[in-house]
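Worksheet: one structure, shown below.
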Amino acid sequence: MSSIIPVVLYLLLSLVISRFIGNRISGGMHEDKAKRFFIGGRFLNGPLLALTLVATYTSASSFIGGPGAAYHIGLGWVWLAVIQVPVAMLTLGLLGPKFLALKEQHATLIEWLDHRFNHQGLSMLAIVCLVCGFIA
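Here the sequence shown is numbered in the numbering used here, starting from -8 and rising by one per residue.
If you want it as structure tokens, here you go:
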């Protein structure tokens, strides 16, 4: 039990320091944390966004899902991974510049759909499809 006390103290100290630095950097402004989270504060350029995407895909697929899928279904799991490159090219190459050029700043695709079509059913369908895709 006594060995957990230094870990908890370290985590609390890290939390206090990170909150202090975060408040100093943002100047105390907390405009929309969700928007800043989803779009990275709108400072990511193409190469940096591509590196972020590669790092995310590498960590999630290579260390979590890839080995399990390879064990379960063999090398056929490669076909599951093949779709990632076209999706990344579509997202970064076609949709990204269009979303950044809009006057309205949307943080997610769901917000864009809601603003563009103004239809609650379409937004709910998109949300359900995303959740089902994440579960799968």
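Just so you know, even glycine gets a beta-carbon here, dropped at the ideal spot from N, CA and C. Computed from a prediction, not measured in an experiment: that's the story for all the values here.
1) Taking the C-alpha atoms as reference points, what is the distance between T99 and L121?
2) Short check: CB of H110 to CB of E95, under 8 angstroms?
3) Compute every distance between the C-beta of L93 and the non-hydrogen atoms of the ligand MN, then say whether any falls below 7 angstroms.
4) Could you pull out every residue in the same chain whose Cβ sits closer than 8 angstroms to the Cβ of P58, ignoring the five residues on either side in sequence?
5) Quick check: the Cα distance between A92 and Y1, rounded to an integer number of angstroms?
6) Let me know the secondary structure DSSP gives Q111 once reduced to three states.
7) Pick from I16, F11 and L44: whose alpha carbon is nearest that of G84?
8) By how many angstroms is the C-alpha of L81 removed from the C-alpha of G65?
9) Suppose the cutoff is 6 angstroms on Cβ atoms and the five residues either side in sequence are ignored; what does the same chain contact list for W103 look like?
Answer, in terms of the structure:
1) 12 angstroms
2) no
3) The ligand MN is absent from the structure shown, which contains no ligands of any kind.
4) none
5) 43 angstroms
6) helix
7) L44
8) 28 angstroms
9) H97
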